[in-house]
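S.K.:
Numbering (the UniProt record's numbering), first residue to last: 1 to 492.
#1: Let's see if you can read the secondary structure: which residues bound the alpha helix (DSSP H) around residue 151?
#2: By the three-class DSSP mapping on this structure, what secondary structure does residue 184 have?
#3: Can the beta-carbon of residue 379 be found less than 9 Å from the beta-carbon of residue 284?
#4: Which partner residues of residue 476 appear in the DSSP bridge assignment?
#5: Tell me which residue opens and which closes the alpha helix (DSSP H) that residue 400 is part of.
#6: Between which two residues does the alpha helix (DSSP H) holding residue 192 run?
#7: Using DSSP bridges, identify the partner residues of residue 216.
#8: In the structure shown, what three-state DSSP assignment does residue 468 receive?
#9: For residue 221 versus residue 145, is the C-beta spacing smaller than 9 Å?
#10: Give every residue of the same chain whose Cβ lies closer than 7 Å to the Cβ of residue 167, excluding the five residues on either side of it in the sequence, and list them in chain order.
#11: Taking 7 Å as the limit between beta carbons, can you name the residues of its chain near residue 197, skipping five residues before and five after?
#12: Is it true that the CB of residue 388 sits closer than 9 Å to the CB of residue 469?
#13: Determine the contact status of residue 495 and residue 421, defining contact as a CB-CB distance below 9 Å.
#14: Are residue 99 and residue 153 close, meaning C-beta to C-beta below 9 Å?
#15: Are three or more beta carbon pairs between the stretch 283 to 298 and the stretch 177 to 188 nearer than 8 Å?
#16: Buried or exposed: where does residue 194 fall if 16 or more other Cβ atoms within 10 Å of its Cβ makes it buried?
#17: Considering just the uninterrupted stretch of the alpha helix (DSSP H) at residue 90, what are its terminal residues?
#18: Would you be able to state if there are at least three C-beta pairs under 8 Å between the stretch 168 to 185 and the stretch 136 to 143?
#19: For residue 378, which three-state DSSP category applies?
#20: Per DSSP, what are the beta-bridge partners of residue 416 in this structure?
#21: So, for residue 214: in the same chain, excluding its five sequence neighbours on each side, which residues have a beta-carbon less than 7 Å away from its beta-carbon?
#22: Of the choices 324, 473, 377, whose alpha-carbon is the least far from that of residue 211?
#23: Could you compute how far the alpha carbon of residue 229 sits from the alpha carbon of residue 253?
#24: For residue 251, I'd like the list of residues in its chain whose CB is within less than 7 Å of its CB, leaving aside the five on either flank, ordered along the chain.
#25: Can you round the beta-carbon distance between residue 386 and residue 311 to whole angstroms, since I take them to be within the 8 Å contact cut?
#26: If we call anything under 9 Å between Cβ atoms a contact, is residue 307 one with residue 330?
#27: Residues bridged to residue 156 by DSSP?
#28: Does the beta-carbon distance from residue 374 to residue 427 come in below 9 Å?
#29: Let me make sure I understand the geometry here. Which of 149, 366, 290, 137 has the alpha-carbon closest to that of residue 129?
#30: Buried or exposed: where does residue 62 fall if 16 or more other Cβ atoms within 10 Å of its Cβ makes it buried?
#31: What residue does the beta strand (DSSP E) around residue 228 start on, and which one ends it?
#32: Compute the Euclidean distance between the alpha carbons of residue 105 and residue 425, then round it to the nearest angstrom.
#33: Measuring CB to CB, does residue 404 end up less than 9 Å from residue 199?
#34: If you draw a straight line from the alpha carbon of residue 337 to that of residue 157, how long is it in whole angstroms?
#35: Does residue 143 come out as helix, strand or coil in the three-state DSSP assignment?
#36: Should residue 248 be labelled buried (16 or more other beta-carbon atoms within 10 Å of its own) or exposed?
This is the structure:
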């Protein structure tokens with residue numbers, strides 16, 4: 001394919017070559033099973049342009065596996081992976097190779113060489129070690145593994161970034177890729193956790209719909225030179241969620257529509273007989289991360305003993321307000337934990353769907369009810385980090401967290417502590433200097449903007465205690481799904 005600035009794109013016909021690649025698959029808008037666009041990333045990006053020949057703006061792209069799955073695969077008689085190991089053991093090997101362990105903070109990631117510059121809240125997340133090259137080994141391995149990098153690893157988000165940025169990242173995915181995602185990993189501040197900001201982002205994933213046997217399809221299409229939208233079905237980001245057969249993982253897009261009368265309300269919808277869509281997988285794992293600077297009281301001196309000066313967290317307290325009586329305190333946190341130990345659980349009432357929009361937060365204080373709005377959730381991880389000077393405060397939070405339970409809305413199941421606490425400690429390479437002639441770091445500039453540091457040219461400047469801290473404590477508390485075990489006084 002050749003292109004030039006200000007000129008129209010010249011698209012290859014099926015079977016045409018593009019450099020060293022063969023135009024063998026990508027866009028499935030046509031009325032047969034043959035592809036009609038190149039598979040390279042440049043052409044894929046161009047498919048989403050308005051003058052591209054793709055009716056679905058590049059969203060109908062299918063994985064290579066769907067095209068080659070019926071083609072003969074060379075025998076694997078000399079490959080021990082296939083001749084000596086059953087499929088179950090191969091899947092364990094695939095999971096080990098294709099699951100990333102580079103997300104911080106965990107004990108499996110070496111942080112000793114990290115500095116403030118790349119540990120800054122606004123810095124890129126460290127790259128993972130997912131062995132994606134495994135998919136290139138051979139056709140047989142590729143067909144067994146092509147969905148695993150998406151299904152085994154979470155989509156990573158941060159409330160530090162605006163929601164529109166997150167939506168842009170999600171919309172870069174193809175429908176079949178979006179359908180494979182099963183877990184989310186979110187860096188969140190305590191104010192977002194207790195308020196509504198986090199839940200508006202998470203519920204955009206439509207966890208209730210994803211459990212109801214829906215196929216993921218493009219939300220937009222072109223008709224008469226204009227972009228139109230499929231508005232008769234639930235929307236999740238740039239995708240449309242269509243009712244589908246529960247036991248068929250992959251279905252023809254045209255067949256999905258033929259089971260409804262919606263087609264009458266969508267004139268011009270290009271229903272290709274070749275285009276296929278994938279059944280969405282439910283969201284089963286959620287990780288929430290609070291870094292050392294995400295707590296309400298993270299700047300308070302570690303030696304202060306007031307109940308409003310120490311780290312505190314409880315899923316039954318908080319509405320996102322900084323007003324002290326509304327926030328968790330050590331006394332309220334420990335009182336609730338003691339009540340739970342005696343079998344008395346605070347209410348976590350789930351507001352009726354008729355009385356709230358699908359994206360609104362429950363009117364109940366805290367965030368336990370919001371966790372319960374993920375009907376298929378099997379695992380909740382809370383990754384809590386603080387300065388080493390506040391280690392005991394963190395231990396107090398973790399001890400109380402062992403009593404927490406999250407009832408799943410509309411079911412007899414709950415998420416409860418699984419009995420394990422993962423502990424780790426890491427340190428930065430050197431304590432950040434706030435004096436000298438060098439340029440200030442991003443962290444220092446951020447602190448100056450919110451008034452925690454004086455300007456660097458102020459001779460009276462003193463270094464806050466948290467800039468002197470060089471080590472950090474991390475605790476991971478995991479809650480697993482189980483049948484609810486409560487008495488009449490427990491939360492429902």
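Glycine is no exception: its CB is placed at the ideal position from the N, C-alpha and C atoms. Small disclaimer: the values here were computed from a predicted structure and weren't measured.
M.R.: In short, the structure shows the following:
#1: 148 to 151
#2: strand
#3: yes
#4: 383, 422
#5: 391 to 401
#6: 190 to 194
#7: 241, 278
#8: helix
#9: no
#10: 237
#11: 159
#12: yes
#13: This structure cannot settle anything about residue 495, because the visible part of the chain is limited to 1 through 492.
#14: yes
#15: yes
#16: buried
#17: 87 to 98
#18: no
#19: coil
#20: 405, 480
#21: 241, 242, 243, 244, 280
#22: 377
#23: 15 Å
#24: 215, 244, 245, 276, 277
#25: 6 Å
#26: yes
#27: 185
#28: no
#29: 149
#30: buried
#31: 226 to 229
#32: Below a pLDDT of 50, predicted positions are generally treated as unreliable, and residue 105, at 47, falls in that range; the measurement from the model is reported next regardless. Roughly 9 Å between the two C-alpha positions.
#33: no
#34: 30 Å
#35: helix
#36: exposed
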